[in-house]
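Structure, as structure tokens:
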Amino acid sequence: MSMKWKTNNLLFIHITRVTAFLILALSIYLFFAGHNNPGGGFIGGLMLATSILLLYLTFDRRKINKMLPMNYANWIGAGILISLLTGLIGTIVGKPYLTQFFDYFTLPFFGEFELTTAVLFDFGIYLGVGGSALIIILAIAEDT
Amino acid sequence: MSLTLFAVLLPFVAAIFIPLLYKWLRSVHTGWFVFVIPLVLFGYFLTFIPDVMNGNYYYHSISWVPTLGMDFSVFIDGWGLLFALLITGIGFLVVLYSIYYLDKKREALHNFYVYLLLFMGAMLGVVLSDNILVLYVFWEITSLSSMLLISYWYKREASIEGAQKSTLITVFGGFTMLGGIALLSIITGTLSIQEMIAQADTAVNHPYFLAAMILILVGAFTKSAQFPFHIWLPDAMEAPTPVSAYLHSATMVKAGIYLVARFTPFFGGTAEWFWILSSFGLITLLYGSLSAVRQKDLKSILAFSTISQLGMIMSLLGIGSAALYFDVPNEIYTGAVLAAVFHLFNHATFKGSLFMAAGIVDHETGTRDIRKLGGLMTIMPATFTISVIGAASMAGLPPFNGFLSKEKFFMALTDVTEYSIFSIESAAIWFPIVGWIASIFTFLYCAIFVFRTFGGKFKPDNFSKHVHEAPIGMLISPIILVTIVVIVGIFPNIISPVLLEPAIASIMQGVPQDHPAFNVDIYHWHGWELELFMTIAVVVLGSLLYATMRKWENFSIYQRERDPVNGLYDYGLKGLVSSSKGVTKLQMTGRLKDYLSFISVFLILLVMYTMFKFDAFGLNLAGMSEITVYEAILVLFFIVSVLAIPFIQQRVAAVAVLGFVGFYIALFFVIFRAPDVAMTQLLVETVVVILFMLAFYHLPGLRKEKDKPTFAFPRVMISVAVGITVTAVALGANAYQQGHDLIPISNYQVENSADLAGGYNVVNVVLVDYRGLDTVLELLVLGIAALAVVTLVKLRMKEGEDL
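First to last, the protein sequences are chains G and D.
Numbering follows UniProt numbering, with no gaps: position 24 of the first sequence is 24.
Numbering follows UniProt numbering, with no gaps: position 304 of the second sequence is 304.
Following this line, the structure appears as structure tokens:
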């Protein structure tokens with residue numbers, strides 16, 4: 001991020017400190033909500049990117065890099081791999097590629113609970129979309 | 001999954017672990033881990049021999065892509081097994097050799113062995129797959145891994161060029177072959193090769209039969225380096241020598257031979273098959289041997305000799321295919337197939353050992369140029385012995401195995417004169433003459449190979465390093481190969497019932513097998529027959545030519561090494577590059593609005609053409625809901641903001657208004673109860689706003705277009721036309737649905753999403769379950785696009801600079 005973006009707006013900084021993590025939490029909620037309510041990997045991934053981008057807008061790049069020492073390009077590869085490999089689960093038992101499995105479990109206290117391989121698949125989408133949006137925007141931002 | 005299917009995939013699985021082993025166990029040469037794999041597979045395939053000897057075959061299949069009829073099926077008969085044994089057998093010898101050839105400290109061994117295993121698995125897949133589409137996939141992987149191996153020393157210009165040439169030619173051939181495969185599946189209605197062969201009798205009369213044959217043959221000829229596609233093979237010699245010994249002489253280049261023989265029961269017995277194969281084969285044989293004589297580089301000599309020998313095998317398969325013309329088998333015709341199979345085996349052994357010997361010379365002296373080499377006989381006695389035996393076998397001298405197959409070759413050629421089919425009478429005499437002349441030159445280049453390297457005087461000044469014999473590890477593999485050369489040469493019948501007879505039986509399918517012609521009995525002494533005199537004449541004339549070499553080696557034709565066919569390739573490549581640049585310049589203007597115009601115009605033309613052709617226009621307002629006031633107001637604002645954008649002069653304002661449009665669309669989604677899509681739209685808008693904020697600093701001021709208004713007019717037309725087209729499609733589709741009582745697919749998806757996929761949000765279920773493959777591939781596209789954006793941003797090309 002160029003130096004021009006190093007702002008000293010106190011209000012902005014303080015609001016971001018809270019909201020960025022609220023958005024992040026929302027992104028995780030949306031991701032899990034996806035199967036039965038509005039949400040899902042794509043929306044969640046975009047929101048994940050938004051929350052991290054907000055941090056980049058507010059603080060300077062070095063600080064964020066120290067806080068989140070990761071290469072977002074790796075997220076894309078990891079995401080695609082997770083989605084592709086989840087599809088293989090079905091082939092082990094002789095079902096076609098990308099067959100999803102799910103079942104309902106009843107847990108004490110939490111009540112009925114659904115476990116599905118679709119969530120894993122969606123997690124790949126979540127990472128891939130988030131990583132793609134991040135590296136595109138950061139590359140443009142970095143370019144001076 | 002059965003063990004056999006796993007055997008084909010084992011090299012691929014192993015390839016995954018090689019980089020890790022290389023990283024963690026640097027002290028051990030990575031080759032030792034790789035060595036185990038072909039060795040185990042070789043042992044495994046040996047266990048099939050008793051069954052296959054008795055005329056049985058092995059078939060196992062699992063469903064892969066059932067909707068395309070693509071099954072992963074393994075079919076092992078005599079012909080496939082011979083190849084599987086060659087691939088794994090030569091494979092472990094080559095790996096053993098490479099352990100000593102490639103230095104573990106300096107070379108990128110993980111790359112090398114990953115590519116090599118990739119090739120091994122792909123090649124096994126080619127020779128053991130019954131499904132022709134699967135075979136095609138493996139076929140292309142062999143081209144790919146060959147390219148990677150040729151360009152292994154990728155910092156050398158010549159390696160990259162050789163890799164490019166081989167890829168362009170073999171992938172061109174592979175793609176042509178795919179067309180042939182498509183035609184074959186249309187003709188027979190199946191993708192299984194064996195099922196195709198079962199329909200051979202009726203397929204001959206199909207109008208696509210000849211086209212399919214030619215397309216398949218282009219694939220086989222490019223892969224097996226037949227004239228004029230052979231030019232990639234000499235350039236492929238830039239690969240490390242173990243690769244040349246393995247891919248470019250023993251296995252991959254024989255994939256074309258494999259395919260031709262595999263399809264002989266299908267195409268064989270027709271005049272076209274006979275003529276194309278035998279004529280191209282003989283031309284290649286002659287051309288290769290003549291060119292080999294001119295080479296000054298040891299590996300180039302061997303490359304052209306491989307081309308020549310491949311042509312010889314190809315022509316033999318062509319001649320042998322005539323056997324299928326008759327109902328009763330006859331030794332005359334099956335004899336040619338026997339010669340082909342036998343020579344294929346022999347070639348793998350003697351050429352493998354010769355390549356390894358050439359590699360040793362290169363490794364220990366630092367050069368492969370025969371003008372510098374000489375006098376190595378006493379310095380490298382073991383290598384010399386290996387070379388002499390290999391070259392003598394290649395030249396067709398007794399008592400080595402090459403003599404036996406060459407005799408069979410001569411016999412097949414002279415027998416052609418007795419054919420009375422395919423209107424062959426006048427041309428028949430050329431078969432033995434061409435074969436015989438080529439053999440003289442074969443003898444000559446074998447002599448050059450051996451005596452120019454090992455004979456003569458040793459000149460220490462020519463070498464930059466101290467010349468000495470190779471370490472024993474490097475010698476083991478070629479010694480094993482020449483031992484086979486000698487043993488098979490003396491006792492040829494030990495392999496004939498085991499390997500040759502089953503292989504011939506599978507090539508000659510459809511010919512009754514209980515005939516004595518299928519009992520292979522090879523022996524040295526045939527009596528004073530014509531073949532023996534031909535061999536004697538070859539030796540005499542060949543020696544004479546070598547003895548007089550001093551006289552003719554200054555001829556300009558001898559001095560030129562470069563194959564003239566390369567000129568054609570260079571010309572074609574240049575033309576391809578310049579014409580594609582021209583096409584690109586035509587459309588890539590670098591202006592976004594031009595690209596949008598192109599896309600829009602094509603959309604309009606395509607859709608409108610279809611609409612008019614099928615008369616799909618329609619308007620049916622029945623069943624439409626009322627337009628509420630709220631919706632009407634929303635549309636009004638929407639239209640106003642869209643129309644306002646072109647007139648805004650300030651960038652910030654333009655972006656803001658564009659944002660309005662996006663949010664209006666999101667509102668529409670909300671009204672029509674699509675919360676997921678609305679949310680996505682809102683998020684995309686948000687991210688775009690962030691992107692714009694970041695990019696503002698780099699954008700120039702929005703200036704008024706300097707184009708004249710007449711220029712803008714077509715664009716207005718295009719945008720209006722797009723609007724009309726989309727509206728017409730929407731109304732037409734609605735009217736069609738009303739008129740035909742169609743039920744939308746979404747009904748099914750909504751009703752079953754909870755039961756089948758365990759989710760109540762049908763949009764999400766469509767994404768992750770119903771259309772999961774689409775989603776995953778879209779993610780792939782998104783990832784590629786993201787990396788492309790990053791690359792373009794970081795690349796920072798200057799004005800006028802091009803990739």
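Every residue, glycine too, gets a C-beta built ideally from N, C-alpha and C.
Alpha carbon of residue i to alpha carbon of residue j, nearest angstrom
i	j	result
G125/D	V687/D	47 angstroms
I472/D	I99/D	12 angstroms
E195/D	W64/D	18 angstroms
G130/G	Y58/D	49 angstroms
F45/D	R26/D	31 angstroms
T378/D	F35/D	32 angstroms
G94/G	F101/G	13 angstroms
L310/D	H347/D	9 angstroms
T284/D	S439/D	12 angstroms
S464/D	F458/D	14 angstroms
F431/D	S289/D	16 angstroms
G256/D	K104/D	34 angstroms
D235/D	W153/D	13 angstroms
V583/D	I186/D	34 angstroms
L5/D	A73/G	35 angstroms
T610/D	I718/D	18 angstroms
L86/D	L596/D	55 angstroms
N205/D	W273/D	14 angstroms
E626/D	F612/D	30 angstroms
L21/D	T30/D	7 angstroms
L134/G	G87/G	26 angstroms
Outcome for residue i when other beta-carbon atoms lying within 10 angstroms are tallied against a minimum of 16
i	result
H14/G	exposed
H468/D	exposed
R452/D	buried
I495/D	buried
L138/G	buried
E407/D	buried
R262/D	buried
P240/D	buried
W552/D	exposed
L11/G	exposed
Contacting residues, own chain, Cβ-Cβ under 7 angstroms from residue i (five flanking each side not counted)
i	result
S143/D	T167, T170, V171, G174
I197/D	P265, F266, Q509
I490/D	P399
A757/D	V765, D769
S51/G	A20, I23, L24, S27
When the options are compared against residue i, the one with the closest alpha-carbon
i	options	result
S244/D	G359/D, L135/D, S291/D, K155/D	G359/D
N36/G	A754/D, A84/D, I522/D, F345/D	A754/D
N620/D	Y736/D, L568/D, L41/D	Y736/D
V260/D	I216/D, A382/D, L777/D	I216/D
M549/D	T67/D, M252/D, R294/D	R294/D
G219/D	M252/D, A653/D, P207/D	M252/D
I76/G	W232/D, L777/D, R371/D	L777/D
S249/D	G375/D, V762/D, L302/D	L302/D
Limits of the alpha helix (DSSP H) - the one that residue i falls within
i	result
F384/D	381 to 395
Y609/D	592 to 613
D570/D	565 to 587
V670/D	651 to 671
W436/D	430 to 454
For residue i, the first and last residue of its enclosing beta strand (DSSP E)
i	result
M508/D	Note, M508/D: premise wrong, no beta strand (DSSP E); not H, not E.
S556/D	Premise fails: S556/D lies in the alpha helix (DSSP H), 556 to 559, not in any beta strand (DSSP E).
F75/D	70 to 76
T190/D	No beta strand (DSSP E) contains T190/D, which DSSP labels as neither H nor E.
V65/D	58 to 65
Close-in-space but distant-in-sequence residues of the same chain around residue i (CB under 6 angstroms, 5 per side omitted)
i	result
A503/D	G78, W79, L82, V341
T414/D	P432, L530
S641/D	V657, F660, V661
Cβ neighbours of residue i in the same chain (closer than 8 angstroms, five flanking residues each side left out)
i	result
F105/G	E112, F113, E114, L115
| request: Mind checking the region 753 to 782 of chain D against chain B and listing, in chain order, the residues whose C-beta falls within less than 7 angstroms of any C-beta there? | output: Among the chains of the structure shown, chain B does not appear; the protein chains present are G and D.
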